Amino acid sequence: MEKKILVTGGAGFIGSHTVQRLLKEGWNVTILDEFNTFYDPAIKRANVETFEGGARVVEGDIRDRDLVDRLFEESKFDAVIHLAARAGVRPSIDEPELYISTNINGTFNLLEASRKTGVPKFLFASSSSVYGVNKKVPFAETDPILSTISPYAATKMAGEQLCSNYHHLYGIKIMSLRFFTVYGPRQRPDLAISKFVRLIENGQPIDQYGNGNTGRDYTFIKDIVSGIFGSLHYEDTGFEIFNLGGSESIKLHELISVVEEAVGKKAQINVLPEQPGDVPLTSADVSKAKRLLGYEPTTPIREGVPKFVEWYRQWATDGTR
Ligand code: NAD
50 MEKKILVTGG
60 AGFIGSHTVQ
70 RLLKEGWNVT
80 ILDEFNTFYD
90 PAIKRANVET
100 FEGGARVVEG
110 DIRDRDLVDR
120 LFEESKFDAV
130 IHLAARAGVR
140 PSIDEPELYI
150 STNINGTFNL
160 LEASRKTGVP
170 KFLFASSSSV
180 YGVNKKVPFA
190 ETDPILSTIS
200 PYAATKMAGE
210 QLCSNYHHLY
220 GIKIMSLRFF
230 TVYGPRQRPD
240 LAISKFVRLI
250 ENGQPIDQYG
260 NGNTGRDYTF
270 IKDIVSGIFG
280 SLHYEDTGFE
290 IFNLGGSESI
300 KLHELISVVE
310 EAVGKKAQIN
320 VLPEQPGDVP
330 LTSADVSKAK
340 RLLGYEPTTP
350 IREGVPKFVE
360 WYRQWATDGT
370 R
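Just so you know, my numbering puts the end of the sequence shown at 370, numbered straight through with nothing missing.
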């Protein structure tokens, strides 16, 4: 019998890559996605096209408790990968309520429905932003996470705590995955690498917030998907938090040079003040994921950015996702 899995946010960037691999591995996949306008929903519909009808697509909101309950009742999922969220630090400062209702209440609805219908395995998409302004480098799962600086980060921290509760109280196996800035084909158009490539390619200026010394640990999508699958198959313990990063931080000004080289054009740079909510650095200690999941990031940024550019040009030419 095929195993049934629900992927929330399955039409999005990380979700669509995850669904493709699940389909290849023979899972019976349902996605729940509201195709919202955080970025052009046509992009999400094009992502879904790549499933070639292989996944059941339910268009709806994880905040709609009746819908979520009905879906779980009728499907009896063997696992849930919960990726649907309002993502992004800066927009969460403008619309904190939307982030809180989606990321906290939505996560609660899914955990409740999982409890009521006996779902044994649940993966939660958390974020490196929970570390806030962490002085200790690299960031490890055992570091305190009491210094978040944006509503987005606070919602992910709350989501992790709900996950911990639901494991402790009801025995659901739950893995919380702290993704460190993910990039690659189909990357969200609001994120730095995608924006920089698009603008530099078109001869338009890019915005650089701060002096260029902020650092980010970028993770190539293929590596993230391998971490998601490692966690899906991991059964030894009931609740774990895993950093999934690329395990190399790069400064913003260096990243811009890498993009310039990959695109083959110089950037025109607007230097703007640092943005509130942005942390100065992210840096993942991935030794726990290596030890327990066999996680091994294989694509360094200098290889990943040219791959993104290649994908971007193909997509801009003929719409191939
Ligand atoms: P994405 O925006 O491409 O995908 C999220 C999907 O969720 C979208 O298709 C959206 O329509 C859907 N969605 C949003 N609200 C919904 C709701 N109320 N009901 C149903 N569907 C809803 O984002 P992504 O980059 O693929 O991120 C996936 C997850 O990973 C998110 O939880 C995000 O917070 C987390 N994450 C991403 C990154 C990154 O760098 N991309 C880093 C850390 C954490």
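Cβ coordinates follow ideal geometry from the N, Cα and C atoms, glycine included.
These numbers were taken from a predicted model, which means no experiment stands behind them.
{"Check": "Proximity of A133 and T230 at Cβ, strictly below 7 angstroms", "Outcome": "no"}
{"Check": "7 angstroms Cβ cutoff, K165 in contact with chain D", "Outcome": "Considering every chain present, this structure includes no chain D. It has just one protein chain."}
{"Check": "Segments assigned beta strand (DSSP E), at least 3 residues, entirely inside the stretch 243–267", "Outcome": "255–258 and 264–266"}
{"Check": "Check whether G353 and F269 have beta carbons under 7 angstroms apart", "Outcome": "yes"}
{"Check": "Beta-carbon contacts of R265 that lie in its chain and below 6 angstroms, excluding the five residues immediately before and after", "Outcome": "T230 and T331"}
{"Check": "Contacting residues, own chain, Cβ-Cβ under 6 angstroms from Y148 (five flanking each side not counted)", "Outcome": "R135, S141, P200, Y201 and T204"}
{"Check": "Beta-carbon proximity check, S175 vs L226, cutoff 7 angstroms", "Outcome": "yes"}
{"Check": "Buried versus exposed call for A338 [16 or more other C-beta atoms within 10 Å across all chains shown]", "Outcome": "buried"}
{"Check": "V354 (DSSP reduced to helix, strand or coil)", "Outcome": "helix"}
{"Check": "Residue list, Cβ distance to ligand 1 heavy atoms smaller than 5 angstroms", "Outcome": "G58, A60, G61, F62, I63, D82, E83, N85, K93, D110, I111, L132, A133, A134, A136, T151, A174, S176, F228, T230, V231 and R237"}
{"Check": "Residue from G155, I63, V246 and G61 whose Cα sits closest to the Cα of E310", "Outcome": "V246"}
{"Check": "Of the listed residues P187, C212 and I198, nearest to V335 (C-alpha basis)", "Outcome": "P187"}
{"Check": "Status (buried if at least 16 other CB within 10 Å, exposed otherwise) for Q317", "Outcome": "exposed"}
{"Check": "Where L226 falls: helix, strand or coil (DSSP)", "Outcome": "strand"}
{"Check": "The stretch 158–174 touching the stretch 207–218, judged by at least three CB pairs closer than 8 angstroms", "Outcome": "yes"}
{"Check": "Three-state class that DSSP yields for A333 in the structure shown", "Outcome": "strand"}
{"Check": "Of the listed residues R112, S124 and V97, nearest to K52 (C-alpha basis)", "Outcome": "S124"}
{"Check": "Pick from N158, I223, V328 and Q236 that is closest to R139, judged by C-alpha positions", "Outcome": "V328"}
{"Check": "Whole-angstrom distance between P346 and S196, CA atom to CA atom", "Outcome": "27 angstroms"}
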